[in-house]
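Presented below is the structure to which this report refers.
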Amino acid sequence: MEADWSVEMGEGLPEIVIPWSGESLQWVDLRVPHADCKAAVSDLALAEARAPLAQALRALNAENSPWLTSKCDAWWIDDEDEALDPYELDAADLAAKGSSLHGCASYLDLLTRHAELFSDFPGQEALLRTLTQTLRNVALAHARIDLVLRGARLHGQEGFGITAYVTGGGPDTAAAVQAWQGALAAMTRALLNC
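Sequential numbering of the sequence shown, starting at 9, is according to our numbering.
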């Protein structure tokens, strides 16, 4: 699997905030007992992503997890809107065959529950390096994960968080979803074991 990390911080750039609220949406604390992770993703337009994302949310917000989540979304990647680079998805085999490439993607905003690490930029940067290397060692074709370190606010406290972009591709939409699900599961395991 392809994996990379970057830092995106500065004036006007997105940051991860907990709690947040918007027009008709708001942050839901999925750490509380009996939190409904399925309801949290029920409005996603990409229906195929609801169950896998609910499973990832349940694991990442579990009591023994070092993480909590802020937001997530999932979508189809349409060649007309966003070109898929087969080489960035470890899909050179499909490009060599001349196959068209279909894709789906998601993002998940994450904050560490460890207070010291939350405000430790060098520590989070080292964590992203480790996670990226771990994910590169996963034998999964047609998938990519990009981890972005961002500024974050947790109940007013400033620190850092991660936006994880997960992309899967394939010769058809079913294969793209399968690659995406594999990458999401691998990322969830890596996050829980870091």
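Quick reminder that beta carbons are idealized off the backbone N, C-alpha and C, glycines included.
- Here residue 109 is not near residue 82, since their CB atoms are 8 Å or more apart.
- In summary, residue 40 is exposed, with fewer than 16 beta-carbon neighbours lying within 10 Å of its beta-carbon over all protein chains present.
- If you draw a 10 Å sphere on the C-beta of residue 18, you find fewer than 16 other C-beta atoms in it, and that means exposed.
- If you compare the alpha carbons of 189, 142, 139, 196 with that of residue 54, the shortest gap goes to 189.
- By a beta-carbon distance limit of 8 Å, residue 176 does not contact residue 80. Their separation comes to about 15 Å.
- With contacts defined as CB atoms closer than 8 Å, residue 97 and residue 170 fail to qualify as a contacting pair.
- Straight through space, the alpha carbons of residue 167 and residue 124 are spaced by roughly 9 Å.
- Across the set 27, 12, 15, 20, the C-alpha of 27 shows the shortest separation from the C-alpha of residue 165.
- A direct Cα-to-Cα measurement between residue 182 and residue 192 gives close to 15 Å.
- When secondary structure is reduced to three states using DSSP, residue 164 falls in the coil class, being assigned neither helix nor strand.
- By DSSP's assignment, residue 14 forms a beta bridge with 156.
- Burial state of residue 114 is buried, judged by a 10 Å Cβ sphere holding 16 or more other Cβ atoms.
- Sorting 13, 16, 178, 29 by C-alpha distance to the C-alpha of residue 105 places 178 at the top.
- Secondary structure at residue 192: helix, using DSSP grouped into helix, strand and coil.
- Cα atoms of residue 136 and residue 198: separation of roughly 11 Å, rounded to the nearest angstrom.
- Around the beta carbon of residue 163, fewer than 16 other beta carbons sit within 10 angstroms, so the residue counts as exposed.
- For residue 74, the CB contacts under 7 Å within the same chain, skipping 5 residues up- and downstream, are 120, 121, 122 in chain order.
- Positions of the beta strand (DSSP E) runs, each at least 3 residues long and wholly inside the region 91–125, are given as 110–120 in order along the chain.
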